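What follows is a single structure, written as structure tokens, with notes after it.
This is the structure in structure tokens:
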């Protein structure tokens, strides 16, 4: 296998799983550790190496597959999702859940709520809601399914959302900076999130600390485009201060 082919295969592997060890990669591709390290050096900006483990660089602009996203910072996402469900969802609410992994984790935390109506563009989210909230009214936006993220996008989604009136949208982001706002690597996903925000009375962003300082391809909304932000204690204080100054109600979850 030529070096270009091996590097492309390595990226495909990281799209499908969270990390890979250098020793594992050496065995998988039948080359020496040194060859793998040369490949990784040539892929600077696309991958990051920490303690012998390789992962996609956060600012690589490459979108990992849904299953890989689920495993990244799962404990942080679960705490943020639980906090959001406990503090921003009431019985009888109509809520929008975009299909990101942090927001989808809320499905496990809504079992005590009654008479919910939940609208989502996430296929995996739909399955979780149907399994965990049999008493809720669950609605799908429909649309074109992206197999990378298991979310529905496109004009049909936007048309559907124009007829929806929701109390709260829960939304995540791939990155956040005060300069560029909340960002996402896919323009179609970004447009759906904007449409969701337009039909909700309140926008609650669920963003773990690892997303701060990351800039993805497309700005979904500026910092003041959300009403509430929920994050974890490791979020940078300067960014949280800037959000508060922009009028955002910032909530930091308790530690583990």
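Numbering (our numbering), first residue to last: 24 to 279. Glycine included, each C-beta is placed from N, C-alpha and C at the ideal position. Predicted model, so just to flag it, every value in this text is computed and none were measured.
- When the five nearest sequence neighbours on each side are left out, the beta carbons in the same chain lying within less than 7 Å of the beta carbon of residue 234 are those of 196, 197, 198 and 199, in order along the chain.
- If you ignore the 5 residues before and after residue 99, its C-beta comes within less than 6 Å of the C-beta of 231 and 255, all in its own chain and listed in chain order.
- Where residue 62 is concerned, the enclosing alpha helix (DSSP H) starts and stops at 56-65.
- In the structure shown, residue 119 adopts extended strand secondary structure according to DSSP, grouped into three states.
- Residue 70 and residue 215 have their C-alpha atoms spaced approximately 28 Å apart.
- Counting along the chain, residue 163 sits inside the beta strand (DSSP E) bounded by residues 160-163.
- The DSSP assignment places complete alpha helix (DSSP H) segments of no fewer than 4 residues inside the region 129-181 at 146-155, in order along the chain.
- Per the C-alpha coordinates, the member of 152, 141 and 206 positioned closest to residue 131 is 152.
- In this chain, the alpha helix (DSSP H) harbouring residue 46 covers 45-52.
- For residue 137, the closest C-alpha among the options 156, 146, 185 and 149 is that of 156.
- In the three-state reduction of the DSSP assignment, residue 207 falls in the strand class, which pools E and B.
- Annotation: the region 195-274 contains the following complete segments of the alpha helix (DSSP H) (minimum length 4 residues), in chain order: 210-221 and 260-268.
- Segment contact: the region 105-123 against the region 138-150, three or more CB-CB distances shorter than 8 Å; contact assigned.
- At least 9 Å separates the beta-carbon of residue 74 from that of residue 54.
- As the crow flies, the alpha-carbon of residue 270 is around 8 Å from that of residue 250.
- Here the C-alpha atom of residue 273 lies approximately 5 Å from the C-alpha atom of residue 252.
- Excluding five sequence positions before and after residue 165, the CB atoms of its chain that fall closer than 8 Å to its own CB belong to 175, 179, 180 and 183, given in chain order.
- According to the DSSP secondary-structure assignment, residue 193 is paired through a beta bridge with 120 and 227.
- Taking the Cα positions, residue 210 is about 17 Å away from residue 237.
- Following the DSSP letters along the chain, one finds residue 102 inside the alpha helix (DSSP H) bounded by residues 97-111.
- Residue 71: member of the beta strand (DSSP E) spanning 70-73, first to last residue.
- According to the DSSP secondary-structure assignment, residue 78 is paired through a beta bridge with 71.
- Just measuring C-alpha positions, the residue of 149, 104 and 135 sitting nearest residue 129 is 104.
- DSSP places residue 127 in the helix class (H, G or I) of the three-state scheme.
- Leaving aside the five residues that flank residue 259 on each side, the residues in its chain whose CB is nearer than 8 Å to its CB run, in chain order, 232, 235 and 236.
- With fewer than 16 other CB atoms across the displayed protein chains lying within 10 angstroms of its CB, residue 277 is exposed.
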